[in-house]
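Residue 1656 in my numbering sits at position 444 of the sequence shown; the count goes up by one each step and never skips. Glycine is no exception: its CB is placed at the ideal position from the N, C-alpha and C atoms.
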Amino acid sequence: MTRSWSRRTFLRTTGSTALVLGLTGSPLLSGQAVAADEFGTLRAKWRTLVLGEGFSPTAEPFRTRLAELGTRAAELRATMAPATGSLWPDAVWTDPEPDTDQESYGYSAKMNENYSRLLTMAQAYRQPGTGLTGDTGLAADIVTGLDHLYDRIYNEGQTRYGNWYNWQIGAPQALLDTCVLMYDQLSATQTANHCRAVDHFVPDSAVGSYTGTSTGANRVDLCRVLVLRGIVGNSSAKVTLARNALSPVFPYVTSGDGLHADGSFIQHTSVPYAGTYGAVMLGGLGMLFALLAGSSWAVTDPNRQIVLDAVENAWAPFLYNGLVMDNVSGRGASRGISATDPKRIQADDHLRGHGILASIVLLGQGASAAENARWRGLVKGWIQRDYYSPPLSDPALSLVGLARLKSVAEDTSVSAIAEPTGHRLFPSMARATHRRPGWAASISMANKRITYYETGNGENLRGWHTGAGMLSWWGDTYANGQYSDAFWPTVDPYRLPGTTASRLVLADGAGGDWGAPKPDVNWVGGATDGARAAVGQYLRGLQSTLMAKKSWFCLDDAIVCLGAGITCTDPARVESVVENRNLGPGGTHALTVDGTVKPVGHPWSETLTGATWAHIGGMGGYVFPGGATVKALREERTGRWSDINRSMATTPITRRYLTLWTDHGTNPSDATYAYVLMPGASTTQTAARAADTGWVQILANTDDQQGVRVPSLGFTGVNFWFGGTAGALTATAPCSVMISEKGDGTAVICVSDPMRMQTGLTLTWNRAVASVISKPSTVTGATTGSSLNLTFGDLSGTFGATQRITVRLG
1213 MTRSWSRRTF LRTTGSTALV LGLTGSPLLS GQAVAADEFG TLRAKWRTLV LGEGFSPTAE
1273 PFRTRLAELG TRAAELRATM APATGSLWPD AVWTDPEPDT DQESYGYSAK MNENYSRLLT
1333 MAQAYRQPGT GLTGDTGLAA DIVTGLDHLY DRIYNEGQTR YGNWYNWQIG APQALLDTCV
1393 LMYDQLSATQ TANHCRAVDH FVPDSAVGSY TGTSTGANRV DLCRVLVLRG IVGNSSAKVT
1453 LARNALSPVF PYVTSGDGLH ADGSFIQHTS VPYAGTYGAV MLGGLGMLFA LLAGSSWAVT
1513 DPNRQIVLDA VENAWAPFLY NGLVMDNVSG RGASRGISAT DPKRIQADDH LRGHGILASI
1573 VLLGQGASAA ENARWRGLVK GWIQRDYYSP PLSDPALSLV GLARLKSVAE DTSVSAIAEP
1633 TGHRLFPSMA RATHRRPGWA ASISMANKRI TYYETGNGEN LRGWHTGAGM LSWWGDTYAN
1693 GQYSDAFWPT VDPYRLPGTT ASRLVLADGA GGDWGAPKPD VNWVGGATDG ARAAVGQYLR
1753 GLQSTLMAKK SWFCLDDAIV CLGAGITCTD PARVESVVEN RNLGPGGTHA LTVDGTVKPV
1813 GHPWSETLTG ATWAHIGGMG GYVFPGGATV KALREERTGR WSDINRSMAT TPITRRYLTL
1873 WTDHGTNPSD ATYAYVLMPG ASTTQTAARA ADTGWVQILA NTDDQQGVRV PSLGFTGVNF
1933 WFGGTAGALT ATAPCSVMIS EKGDGTAVIC VSDPMRMQTG LTLTWNRAVA SVISKPSTVT
1993 GATTGSSLNL TFGDLSGTFG ATQRITVRLG
């Protein structure tokens, strides 16, 4: 049933009429040199940006999406019932005496939700094909709702409570978007009221300094609020303030929030966040660049190029076949099934990835022609390869985002670009990605600058061991749903793949909110030549006595994984997890160990003594050099999204898992492990690698050094935890070293200081070297002959970056 309510009669003005209103301290009209209709032009551009363009409302999937929008708006309209403390009875925004901070956060979120619902109604009014397009009764109800929220909650006399975000970003963004869409239906007085409310909660001082909650993605969001406040209220001063306040976002930072030169993106001081906050920043900047282009407030700061470069420097390395990796999505990985709509997936790695793809397309409109063309090629490739969750059928993607991706998918002038191969190290956020033909992997670590995991607002309550060396991997035509298909609420959180962890019971949210828990360690990072890498982590357990040294040597078709110095005095067992594959609701993937196929029933467990290799059907292989005792388990695990995120659905979900791990027992001392991961390998390939006992030579696997040599690849990699000798390499101080010997008689030596503390280092390679072809300025001395001696100066200011030296072999 559709309802309308009587309300005050307001003077209506057209979108082209200039408003001259005296608001104390914040005049709506300023900058007299600005033509009155320029604000009208910006409002029209913003309507296009939020509603989309270039699609037919009668063509699928837009016809269905628009009809669904109309249905949702009609439901909201029918249930809207203005009352004290609410606009909808299921979205009450106030409690006189909230019992907890969490409860107060919830009420402020409800206030935000009210504005989001009005925005949905406004979109249905403005979009074609909704069944409510141009409906005057709907327009009246939207304006009534805006009046009610202004009168009762979001006004200049209200003191904010709960989550600051809802008052400064969430609610004002939805409010101002609605004001732009309904501009012709608002009177001068109404517009002034809403602008005055925004000025109260988002004053100019909100962007006065680049600190606290006004950095990175949050700063972009605040600038969006101020820009929209300016164009709704015809204030040149507000738009100028917002445009100028974007500039601190662009330059590289050397600590904390923002983009780092190595491609890292950090938010909340210590959380790798390219997948969520970074996505918000990317999308927000794309919108603002497009809005202001060609206007009196165009963004011309030359540092904006840093953001454009970040598309391939910071975001693309974590995008794979349409998904964005969970290890750069912070607590966003715990957002799954909606509590209010159990049929709707709120987010997963693919859905988050699709939004980033759409943002890249939009940002390309403000980039160079070459950049735009290449990015559209990348996006087209990601669209085509996402078989698990096709982007053009994504129910969570906005209609605008869908239109952008469809325009790329159907653009015959754009050729899809294949997934790149290579290795990227991100020492500033303790992450690494390794991409090979047919698969990709990523490593998650933690140090004194980067948190183990982030919880907050009741989200991601059991992500404790994400930074304990989690090794995630995906195949090109398989395993793309490994972490998408209810992995996080059903996986054993003490057995994340690749991690070493104590099974000491931890409380939900252990360590504190917003990235508070960080280990007091420095040595985390590695060295890479861009194709292969040596990566290492000095691990200390969360609220645990656990200590360990972990290394990954990333090669052409495999990753060699070593662990040493594993010591712990917790009253609990310690485990190193080789693998924990999500097999889905009824998976029966075969496990073959040394040629014997194991039972496929659930549950099943076995201790595999002296195993030299294992293989999971449809996934890949695992080789245990010299043999190992490994435990195997098939189990069905049931969980709820609400177990890890209090705002998510409580519906039970069951998934099957196949887990392999090394059990170090209770109170281990200097325990070790070694295995080789071979994504996508067949049983024959896995068995052959295990039989080739000379393929990998373990040079060291101790608390002092970890290193390997693979003669067939000309590869040597060593992580020196305390300096010393491993194979043909000797280092005088902690460092990471990898060497690739080439077929043309040259070799590339890559060295880094993961601790960021070395003021001097000497590296000796006991190998005949004829000459040094190239070296960075950090190399202060080099002698060649029967061996190579490299002397490094101060490396503490290199931020863990790889120092690359090329030599001609003797």
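Anticipated Cβ contact below 8 Å, residue i with residue j, distance rounded
i            : j            : result
residue 1576 : residue 1630 : Contact flag wrong, Cβ pair sits at about 19 Å.
residue 1735 : residue 1666 : About 22 Å; that fails the 8 Å criterion.
residue 1503 : residue 1573 : Contact flag wrong, Cβ pair sits at about 16 Å.
residue 1485 : residue 1387 : That belief does not hold up - the Cβ atoms of residue 1485 and residue 1387 are roughly 26 Å apart, past 8 Å.
residue 1741 : residue 1964 : About 11 Å; that fails the 8 Å criterion.
residue 1366 : residue 1323 : 7 Å
residue 1636 : residue 1642 : Not a contact, Cβ separation roughly 13 Å.
residue 1961 : residue 2019 : 7 Å
residue 1738 : residue 1760 : Between residue 1760 and residue 1738 the Cβ distance is about 16 Å, and since that is not below 8 Å, they are no contact.
residue 1856 : residue 1700 : 6 Å
residue 1873 : residue 1707 : 6 Å
Under 9 Å between C-beta atoms of residue i and residue j
i            : j            : result
residue 1886 : residue 1838 : yes
residue 1888 : residue 1773 : yes
residue 1634 : residue 1522 : no
residue 1681 : residue 1651 : no
residue 1646 : residue 1606 : no
residue 1390 : residue 1358 : yes
residue 1868 : residue 1795 : yes
residue 1752 : residue 1769 : no
residue 1948 : residue 1978 : no
residue 1482 : residue 1661 : yes
residue 1288 : residue 1260 : no
residue 1345 : residue 1336 : yes
residue 1559 : residue 1609 : no
residue 1898 : residue 1945 : no
residue 1487 : residue 1416 : no
residue 1615 : residue 1596 : no
residue 1929 : residue 1919 : yes
Per DSSP, the bridge partner or partners of residue i
i            : result
residue 1354 : Note: residue 1354 sits in no beta bridge, so no partner.
residue 1932 : 1917 and 1947
residue 1976 : 1942 and 2001
residue 1472 : Paired residue(s): none; residue 1472 is not in a bridge.
residue 1909 : 1921
residue 1898 : In DSSP, residue 1898 forms no bridge with anything.
residue 2015 : 1963
residue 1759 : 1752 and 1779
residue 1954 : According to DSSP, which records beta bridges pairwise, residue 1954 is partnered with nothing at all.
residue 1349 : According to DSSP, residue 1349 bridges with nothing at all.
residue 1891 : 1832
residue 1367 : Paired residues: none, contrary to the question.
residue 1491 : For residue 1491, which the question treats as bridged, DSSP gives no partner whatsoever.
residue 1787 : 1713 and 1875
residue 1457 : None; residue 1457 has no bridge partner.
Under the three-state DSSP convention, the category residue i falls into
i            : result
residue 1716 : coil
residue 1236 : Note that residue 1236 has pLDDT 31, beneath the 50 cutoff, so the model's placement of it is unreliable and no number is given.
residue 1619 : helix
residue 1775 : strand
residue 1994 : strand
residue 1377 : helix
residue 1875 : strand
residue 1178 : The first residue shown for the chain is 1213 and the last is 2022, placing residue 1178 beyond what the model contains.
residue 1677 : coil
residue 1323 : helix
residue 1402 : helix
residue 1669 : coil
residue 1333 : helix
residue 1479 : strand
residue 1450 : helix
residue 1662 : coil
Minimum Cβ-Cβ distance from residue i to chain D less than 9 Å
i            : result
residue 1719 : In the displayed structure, chain D is absent; only one protein chain is listed.
**Study point:** Any beta strand (DSSP E) of 3 or more consecutive residues that is wholly inside the stretch 1681-1734
**Key:** As far as the stretch 1681-1734 is concerned, its whole beta strand (DSSP E) runs of at least 3 residues are 1682-1687 and 1712-1714.
Q.
Extract the residue ranges of the alpha helix (DSSP H) inside the stretch 1566-1654, only unbroken runs of 4 or more that lie entirely within it.
A. Runs found: 1581-1597 and 1611-1621.
Mind pulling the alpha helix (DSSP H) runs of 4 or more residues that sit fully within the stretch 1494-1579?
With a minimum length of 4 residues, the continuous alpha helix (DSSP H) runs that stay inside the stretch 1494-1579 are 1516-1522 and 1561-1576.
Review point. Which parts of the stretch 1275-1305 are runs of the alpha helix (DSSP H), unbroken and 4 residues or longer, counting only runs that do not cross its ends?
Key: Whole alpha helix (DSSP H) segments, 4+ residues: zero.
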